[in-house]
Each structure stands twice: as C-alpha cells, then as structure tokens.
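If you're matching positions, the sequence shown starts at 24 in the working numbering and goes up one per residue.
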Amino acid sequence: MSDFTIDKSVFPMQLARLGDSRNVEECRSIIARLLELMKLDKEEFSKALNIFDDIYSLYCGNFPGYKSCDTEYHDFRHVIDVTLASLRITDSLILSGEKFSKHNIFLVAIAAIFHDTGYIPEIDDPVENGAVYTSTHVRRSMVFAEKYMSQRGYSAEDIEKTKEMILLTDLSVKLVDIKFFDAETERFAKILASADLIGQMADRIYLEKLLFLYREFKMGHIPFYTSEEDLLTKTIGFFKIMEERLTNTLDGVNAKLLIHFQKRYDIDEDLYRKGMNNNLAYLTKILNEHPGHHREFLRRDNMVKKL
C-alpha cells in the first residue's frame, strides 16, 4: 500500500499530479507528510513548517523589512519544487539503506526553503527588480538564513551547515573549494544542489519559465544570452552539462528516486527523469521545427501572456 493517494486513472502520469506547486497548502501538506515518513522529531517538524510559512510570507511581501518576490522564474513555486525534490531524494536514499541524522534532514529541508531568498530585496534596496541580484543571490541567501536562524537561537553549527548546503547550489562554486563541516553535511549539500537542478528541469512549465529566466538574466546583467531563442537553444547544452554535474560532481544522489516513487506512490517511474526527458524532447522539437516561433508553442498556464 502506498503512502500517498493519487488518481492513477488520469494519464499521462506526471510530477505535477502528485502536488501542484500553485497550491501552497497542498504542497505544504506533502512536505509535512514526507518529514513524518522520515521520522523528524515533533519540535523540528514544527520548526520546518513554521519556516516554510515565514518564507512564503517573505515571498508574498508580508515579512518585516522586505519587499515581495518579483522574479517570476525564481518564485515560491520554485522553492516548493526544490524542497519537495530535496526530501524525495533524501527519502529515496533512506529507502535504499543510507542512514542519516534526523537533525540534518531538518537542516536540508530548511536550506531548501531558504536557498533563493537572496532574490528578495530589502525594503530600502534601491533596485528595480530582485533579478539584479542574480550573480550574488546565493551569498545573499546565506546571509538571510544566518540572520533568520541567529535571531531564533540556532547554534553556530546549524547555521554553518545550512549555509554550506545552500552554497553548493551556486554553479560558479567548485565543490573542492567548500570546506564542509562533515561528510554528512556534504552529502546533504549534494542532495540540495541536485534538487535545485531537477526541480527546475522536470517542472511541467520549465520551458515557459525559461522566458522569464531570460528576462531575469537581462535585469541581472548576465551577458551569456542574446535573445530568448538563444537561451532556449543553449538550454540543450545546459541539460548535458547538468547531467554531468548530477552524475559526477553531485555523486548521482538523485539516481535512486525510482525507489521513492515505487514505495510512496506505487508508481513504477522516476517522474523527475520523465519530466526532464519530456522537456528536453519538446524543446528540441520546437527549435528544430518552429525556429523563431517558440512562444506560439509554449502555452502552459498562459504564462507567455505575462511577458
């Protein structure tokens, strides 16, 4: 018997059917259930959900001292996607026989929730958009996490571990340059960094959101892309580079996700892998068959109308 109940009569089965990231309460409940399955103690279980609620308030513009989130790629849906992916990877490794400290499971959960807070401007920040912080957002996220945790009495050790986990999500930072607190912290950093990738790349609206990522890059003065189509074209190569990163740099921690879906949902597919493959195939088709007309073929959630 599976741990989550879903309607399997609806095909094709995809990740979004397990939890719609537009529905914050639904996804909060899934996060809570995953933490229960991994037997977090009651106090840290409550703390994790309180942090989730606080950071949701932050993104909505209801957190003291901060503006709301105005980056439509790095939004709260992305936070949800990465948090769920982090916990699902962790669960798959536990089901495969790995042993983890319950406390470090708590820390990777909150690190996932904190990991992109650096995009949120403070009230007095003279910036047009949080995307201005694209090149510095990871360090800013670490600063936010430290400030938040210090004000609530977390230990210096917990703060350092959380920051180290967040730091590895920065693609410009080399693994060898991070001095991890211990081996398990490094393992969880790799889990979070992997979740940050697959949470994006498997998202059903990943291709639509890439158009907003291009806009963020322009505002953040990132010079790598000359147009939306240039970014989409280079995304094909990005997939290959990130597959290499997932497998080698990050030790393939996502490779056992199938076990999670089998045990928790009675689904015999790795839905992250399926989502990534589907996105790559459709993107390739658009670029090959409809060059210059990508917006006409990216219609999910009416996102393109916001551009």
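Just so it is clear, CB atoms sit at the ideal spot from N, CA and C, and this is done for glycine as well.
| Item | Value |
| --- | --- |
| Other residues of its chain near K257: CB distance less than 8 Å, five sequence neighbours each side excluded | F247 and Y248 |
| R268 to D289 span [Cα, whole Å] | 29 Å |
| Helix, strand or coil at Y295 [DSSP, three-state] | helix |
| contact_flag[the segment 209-223, the segment 107-124] where n(CB pairs < 8 Å) is 3 or more | yes |
| When I74, K241, Y142 and F123 are compared against C92, the one with the closest alpha-carbon | Y142 |
| CB contact flag (L234, L330, <8 Å) | yes |
| Close Cβ partners of I74 (< 7 Å) along its chain, the five nearest in sequence each way excluded | I133 and I136 |
| Distance between G243 and M224 (C-alpha atoms, nearest Å) | 21 Å |
| Close Cβ partners of D77 (< 8 Å) along its chain, the five nearest in sequence each way excluded | F86 and Y171 |
| K31 versus F284 - alpha carbon distance | 13 Å |
| Reference E209, options R40, A278 and F123, closest by Cα | F123 |
| CB-CB length for A154 against T94, believed under 8 Å | 5 Å |
| At least three beta-carbon pairs within less than 8 Å, the segment 60-67 to the segment 144-151 | no |
| Completely contained alpha helix (DSSP H) runs for the segment 122-154, where each covers 4 or more residues | 125-137 |
| Cβ-based burial, S164 [other Cβ within 10 Å; buried from 16] | buried |
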